[in-house]
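Here's the structure we're looking at; comments come further down.
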Amino acid sequence: MADGVWTDVINYVRLRYEVLEERDTWLRFRLGTEGGRTQQVTVHLLPGQDGTHWAEISSAVGRADKIDLRRLLELAGTAEVGGAAVVDGVALIKHTVPLGSLDIREEFARPLESLVARADAFEHQLGGGDEF
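Going by this note's numbering, the first residue of the sequence shown is number 16, and it counts up by one from there.
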């Protein structure tokens, strides 16, 4: 079941956004945001412990050693979608959705768009640039 939904997620992204890199279990792509800025996003296919597969959506905010991580946590705490993390030295916002019977528009696209808007705003507010 998850393979079909994962394929739907990949196809949704391919049709709408610039795909930068793709592998069997993840893809990285770019979305345009306000003011001519762009934001890179990665979606990973994650296996669940109970057999349910998940899609993890993440978008970088800045290099962890160059931004105020406490402020990032405060900002992320006000968001309706996503939480803050640091992976390989990069601070990011991430959100996970189950792939069992995913409604692409409501359960993937809406959180994706919200997460990207937040990540871009946090990146701009915390670092002032548009690195990611």
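No residue lacks a Cβ here, since even glycine has one placed at the ideal position from N, Cα and C. Just so it is clear, the structure is predicted and the values come from calculations on it, not from any experiment.
Since L130 and H110 are thought to touch, with beta carbons under 8 Å apart, how far apart are those beta carbons, to the nearest angstrom? 5 Å
Assigned secondary structure, T22 (DSSP; H/G/I helix, E/B strand, else coil): helix
Q55 burial status per 10 Å Cβ neighbour count (16 or more: buried): buried
Which of helix, strand or coil DSSP assigns to V102: strand
If you scan the region 21 to 60 from start to end, which runs of the beta strand (DSSP E) of 3 or more residues do you find wholly inside it? 33 to 38, 41 to 47
Taking the alpha helix (DSSP H) that A136 belongs to, which residues open and close that run? 125 to 142
Evaluate R133 with the Cβ neighbour count: other Cβ atoms within 10 Å of its Cβ, from every protein chain shown; 16 or more gives buried, anything less gives exposed. buried
Mark S96 as exposed unless 16 or more other C-beta atoms lie within 10 angstroms of its C-beta, in which case mark it buried. Per the sequence presented here, residue 96 reads as Val, with Ser not at that position. It is buried - the Cβ of V96 has at least 16 other Cβ atoms within 10 Å.
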